[in-house]
Amino acid sequence: MSRVLIIEDEKNLARFVELELKHEGYETDVRYDGRNGLEAALDEKESWDVILLDVMLPELNGIDVCRRIRQVSNVPIIMMTARDSVIDRVSGLDHGADDYIVKPFAIEELLARLRALLRRIDIEGEQNMTKQTTVHYRDLVVEKENRIVRRGEEVIELTKREYELLLELMENVNIVLSRDVLLNKVWGYETEVETNVVDVYIRYLRNKLDVPGNESYIQTVRGTGYVMRS
Ligand code: CA
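According to UniProt numbering, the residues represented by the sequence shown are 1 to 230, in order.
What follows is the structure in structure tokens.
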């Protein structure tokens, strides 16, 4: 069930929208001024699927409420603006609203926009899920999106450099990477770094990743560099 927060100071309109949304199966809550609305929108105990936000509000106007929500949250926002108030619409969208609806509106139009917005969010959510790329090597998994490294179920804490070095090796399985190549890819153009820093970091990685008694994940190729072999 989708949860909608309605921030609207016209009590009759707020009540009407609330009843209609409830009738359509939404869960709703109403706040009658900008300050209380913002508080409810940012309440960590709540999780809103959509915020329906009037522009002209007492205490804090809808544009400011929208802007302040956007500083911390991507929750979908539909602005309700007065007729012909083009400035409201533009600045609402400028400040991060996802859609707007002009008052007075037919409830069917609002419902259609809500459905369209929720559907879009759903699709984007799924796309983000598939964008989450993971790299596997034996029982090691790197989740690139959130930079998590696991060995089996266990999360391995790595520093930024260790992480980048590991990723470089895992993305080039069976390719021997020389110290110079690794330096260039992982350390970039910090020319002052000595090539043996690679050896030092490989040692750090082995200490964190390898299981005593098992073969190391990272093979040393004498005189050349390092490789992970499949
Ligand atoms: Ca108003």
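Glycine included, C-beta positions come from ideal geometry on N, C-alpha and C.
- Set against 6 Å, the gap from the CB of Asp49 to the closest heavy atom of ligand 1 is not smaller.
- In this structure, Asp9 has its beta carbon less than 6 Å from a heavy atom of ligand 1.
- By a beta-carbon distance limit of 8 Å, Lys208 contacts Ile156. Their separation comes to about 6 Å.
- Excluding its 5 nearest sequence neighbours in each direction, Cys66 has C-beta neighbours in its own chain below 8 Å: Leu53, Ile77, Met79, Gly92, His95, Gly96 and Ala97, listed in chain order.
- The residues Val176 and Val227, in chain order, have a CB closer than 7 Å to that of Val221 in the same chain once the five nearest residues on each side in sequence are set aside.
- Counted as a single uninterrupted DSSP element, the alpha helix (DSSP H) harbouring Val198 occupies residues Asn196 to Leu209.
- By the C-beta density criterion, Val200 is exposed, having fewer than 16 other C-beta atoms within 10 angstroms.
- Secondary structure at His136: strand, using DSSP grouped into helix, strand and coil.
- For Gln219, the beta-bridge partners assigned by DSSP are Val227.
- For Leu5, the enclosing beta strand (DSSP E) starts and ends at Arg3 to Ile7.
- Just so you know, the alpha carbons of Asp49 and Lys144 end up roughly 27 Å apart.
- Pairing Ser2 with Leu118 gives a Cβ-Cβ distance under 7 Å.
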